[in-house]
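Chemist: In this text, residue positions in the sequence shown follow numbering that gives the first Met the number 0: the first is 0, and each later residue adds one.
Using N, Cα and C, we set each Cβ at its ideal position, and we do this for glycine too.
Computed from a predicted model, the values in this text were never measured in an experiment.
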Amino acid sequence: MEKYTQNQLRSIAEECQEFEHIINAMGYGYSLLNVSAEDFSRRCTDCTNWLGGSCTIFQNEISQWK
Ligand code: SF4
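1) Residues bridged to Glu46 by DSSP?
2) So, with DSSP's three-state summary, where would you put Ser10?
3) Quick one: Cα of Thr55 to Cα of Arg41, how far?
4) Any chance the CB of Asn48 is under 7 Å from a heavy atom of the ligand SF4?
5) Tell me where the alpha helix (DSSP H) around Thr55 begins and ends.
In structure tokens:
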């Protein structure tokens, strides 16, 4: 069960300056996986700062979600 919609997770991540993909942060890089960064869906749930939804940036954004 997802607490937030895919649309919310994507939209906030798209605007976010702090987005860091989990796979990239693990040190493998994108090239090893033979994909470009653009191939990754950019969602908050794939971000290292997500922390199960406790990211303060996300919480701030979601509180303003219309
Ligand atoms: S989880 Fe937080 S830091 Fe990561 S993209 Fe979403 S709002 Fe930005």
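Modeler: Answer, in terms of the structure:
1) The residue labelled residue 46 in the question sits at position 47 within the sequence shown. The residue asked about is misnamed: residue 46 is Cys in this sequence, not Glu. According to DSSP, Cys46 bridges with His20.
2) Position 11 of the sequence shown holds residue 10. Reduced to three states, the DSSP call for Ser10 is helix.
3) By one-based count along the sequence shown, residue 55 stands at place 56. By one-based count along the sequence shown, residue 41 stands at place 42. In a straight line, the C-alpha of Thr55 is about 18 Å away from that of Arg41.
4) By 1-based counting over the sequence shown, the position of residue 48 is 49. Yes; taking the cut-off as 7 Å, the Cβ of Asn48 has a heavy atom of the ligand SF4 nearer than that.
5) On the sequence shown, residue 55 is found 56 positions in, with the first residue counted as 1. Thr55 to Ser62 is the span of the alpha helix (DSSP H), which, as asked, contains Thr55.
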